[in-house]
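Residue numbers for the sequence shown follow the UniProt record's numbering, so the first one is 1 and each next one is one higher.
Note that the Cβ used here is the ideal one computed from N, Cα and C, for glycine as well.
Input: a single structure, listed below in structure tokens.
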Amino acid sequence: MNIDGEHLERKLLCLIGHNFPVFASYLIEIV
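See below:
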């Protein structure tokens, strides 16, 4: 179970890392 949890956390971190520039660009456009 711990292995699955760590895998999910890494997957989430990877998704956030890949999508962060997009969110940042949206925030910059709004501001």
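Simplified DSSP state of residue i, which is helix, strand or coil
i, result
"Val31", "coil"
Straight-line gap, residue i to residue j (C-alpha atoms, nearest Å)
i, j, result
"Met30", "Phe20", "Looking at the sequence provided, one finds Ile at residue 30 rather than Met. Rounded to whole angstroms, Ile30 to Phe20 spans 15 Å at the Cα level."
"Tyr26", "Ile16", "14 Å"
"His18", "Leu8", "15 Å"
"Val22", "Ile28", "10 Å"
"Lys11", "Gly5", "10 Å"
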